[in-house]
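For reference, the structure is listed below as structure tokens.
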Amino acid sequence: MRELAKLSLTSKNLREFCISIPFLTFDGMVWKKSLTDRMVFINFVDRFFALRKGMETQHVSIRWPLTTATSFEKFRVFTWLYNAIGCKVQWLELEFILKGVEVFSLPISVYHCKSLKKFEIDLHRSILEFPSSGGFYNLKSLSLRNVRINNDSFGEWISSFCKHLEELLLDHIDGVKNIMINSSTLERLTIDNPSSSKLSNIIISAEKLTSFSCFGEIMFKQGCLPSLFCNLSSLIYTNNLDDCLVPAIASLLKGTPNLKTLTIKYHDYFLAKRLTKMESKSYGFTLGYWESQNLAFVHKLEKAAIELFHKGDNELELIKYLLKHATSLKKMAILYSSPLPSGINREVDDYEKAPTAEIVFFAVPQENS
1 MRELAKLSLT
11 SKNLREFCIS
21 IPFLTFDGMV
31 WKKSLTDRMV
41 FINFVDRFFA
51 LRKGMETQHV
61 SIRWPLTTAT
71 SFEKFRVFTW
81 LYNAIGCKVQ
91 WLELEFILKG
101 VEVFSLPISV
111 YHCKSLKKFE
121 IDLHRSILEF
131 PSSGGFYNLK
141 SLSLRNVRIN
151 NDSFGEWISS
161 FCKHLEELLL
171 DHIDGVKNIM
181 INSSTLERLT
191 IDNPSSSKLS
201 NIIISAEKLT
211 SFSCFGEIMF
221 KQGCLPSLFC
231 NLSSLIYTNN
241 LDDCLVPAIA
251 SLLKGTPNLK
261 TLTIKYHDYF
271 LAKRLTKMES
281 KSYGFTLGYW
291 ESQNLAFVHK
301 LEKAAIELFH
311 KGDNELELIK
321 YLLKHATSLK
331 KMAILYSSPL
341 PSGINREVDD
351 YEKAPTAEIV
361 FFAVPQENS
């Protein structure tokens, strides 16, 4: 915005052009320690919105440090939300640093904004409070990052008051143990759940879901998921296949009869490296176990990527099952972050597999790569 302000001073035509730009970012993080600089910028933004006179805006991003902000500064920054709504914003992106576990509430007009299609918020682990009744009118994409939620009925709120939601991202959400989501419109779901989070169980009913990415340590209740992901074509799961996790994963896979892409890996290199050094707890689920699950998706699977941890016994048994029964399989990628156990290449090559299947080994990039 600083460069935009300088450019707008060069001529009337350029000023009109700058005022009409539909993608706006107001970043106060660069002046965390300078109230004076922040207030100068606030005055500029207020003037900028006044000149726009409600001109339609596609994207507004506001990043602001509020840990040392006065109540007057907060008021001035929050008025930009009303200005964005007045400009019929379609995508609103917020990042605020608050004091400790301070509670943050959005103006009700944000929920009622008919033009708003995409909303993202990052509160750096502060509490986000939702209204007890009512929600986003026309929102299609919702992303919550580093947010604490002190409402156990959050999932029910999503189900009841986000009727048009197609995409949901929950990244490092804390404060709730269980989330139950029932949506007839949800198509893409991403959950990144760190080990420190209280979130331990999620139940999903989403008949239109086509893409599901799960990072972290969420345990799914067995028996809750089958037949609920009939349209799911892509699944990413990031964890190993310890014995305690295999039944839950099998239960999840039973509910994905049309799955075409399956990825099982760990997205955190350092944790994956520690896992490879730990004593293996994966040895009890053989090819016979997977064959007994009668997984319908296996005949439609086209691509798979599975990472080996430690000796990778459970992972290898799943690989063996997929190679044997996935008749449409085109590519199997086997990932490893430690030296590949001797003989694995030969063992995998000897597995019975579909004639079209290509097997590729990939070394996960090391720390200094």
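Following full-length UniProt numbering, the numbering of the sequence shown begins with 1 at its first residue and continues without gaps. Glycine included, every Cβ here is placed at the ideal spot set by N, Cα and C. Remember, it's a predicted structure, so these values are computed and weren't measured experimentally.
Measuring alpha carbon to alpha carbon, tell me which residue in Phe49, Trp64, Gly54 and Gln58 is nearest Val30.
By 1-based counting over the sequence shown, the position of residue 30 is 30. Measuring from the Cα of Val30, the nearest candidate turns out to be Trp64.
Can you tell me the Cα-Cα spacing of Thr190 and Leu323, whole angstroms?
On the sequence shown, residue 190 is found 190 positions in, with the first residue counted as 1. On the sequence shown, residue 323 is found 323 positions in, with the first residue counted as 1. If you take the alpha carbons of Thr190 and Leu323, they lie about 27 Å apart.
Quick one: what's Ile191 bridged to in DSSP?
Here the question's residue 191 lines up with position 191 in the sequence shown. Answer is Leu170 and Cys214, bridged to Ile191.
How many whole angstroms separate the CB atoms of Tyr336 and Val360, which I take to be in contact at a CB cut-off of 8 Å?
As a working mapping, residue 336 is identified with position 336 in the sequence shown. As a working mapping, residue 360 is identified with position 360 in the sequence shown. In fact, because the Cβ distance is near 12 Å, the residues do not count as touching under 8 Å.
Straight-line CA distance for Asp243 to Ile249?
Indexing the sequence shown from 1 puts residue 243 at position 243. Indexing the sequence shown from 1 puts residue 249 at position 249. Roughly 10 Å separates the two Cα atoms.
With distance defined between alpha-carbon atoms, name the residue in Ile21, Glu207, Phe78 and Leu35 nearest to Asp46.
On the sequence shown, residue 46 is found 46 positions in, with the first residue counted as 1. With distances taken between Cα atoms, Asp46 lies closest to Phe78.
Between which two residues does the alpha helix (DSSP H) carrying Ile42 extend?
By one-based count along the sequence shown, residue 42 stands at place 42. It spans Leu35 to Arg52 - the alpha helix (DSSP H) in which Ile42 sits, taken as one unbroken run.
Which complete beta strand (DSSP E) runs does the segment 100-132 hold, if anything under 3 residues is left out?
Here the runs fully enclosed are 103-105 and 118-129.
If you follow the alpha helix (DSSP H) that Glu315 is part of, which residue opens it and which one closes it?
Mapped onto the sequence shown, residue 315 falls at position 315. It spans Asp313 to His325 - the alpha helix (DSSP H) in which Glu315 sits, taken as one unbroken run.
By a C-beta neighbour count over all protein chains shown, 10 Å radius and 16 as the cutoff for buried, is Gly255 buried or exposed?
Here the question's residue 255 lines up with position 255 in the sequence shown. Classification of Gly255: buried, given that the 10 Å Cβ count is 16 or more.
Could you give the first and the last residue of the continuous beta strand (DSSP E) run that contains Ala304?
If you number the sequence shown from 1, residue 304 lands on position 304. Lys303 to Leu308 is the extent of the beta strand (DSSP E) around Ala304.
Determine the DSSP secondary structure at Thr356, reduced to helix, strand or coil.
Taking the first residue of the sequence shown as 1, we reach residue 356 at position 356. Thr356 falls in the coil class under three-state DSSP.
If we count the other Cβ atoms within 10 Å of its Cβ and call it buried at 16 or more, is Arg346 buried or exposed?
Within the sequence shown, the letter at position 346 stands for residue 346. Counting Cβ neighbours within 10 Å, Arg346 comes out exposed, since fewer than 16 surround it.
Tell me, to the nearest whole angstrom, how far the beta carbon of Leu123 is from that of Phe96; I am working on the premise that it is less than 8 Å.
On the sequence shown, residue 123 is found 123 positions in, with the first residue counted as 1. On the sequence shown, residue 96 is found 96 positions in, with the first residue counted as 1. Between Phe96 and Leu123 the Cβ distance is about 6 Å, and since that is below 8 Å, they are a contact.
Under DSSP, the beta strand (DSSP E) around Lys254 begins and ends at which residues?
Here residue 254 refers to the residue found at position 254 of the sequence shown. Careful: Lys254 lies outside any beta strand (DSSP E), inside the alpha helix (DSSP H) at Val246 to Lys254.
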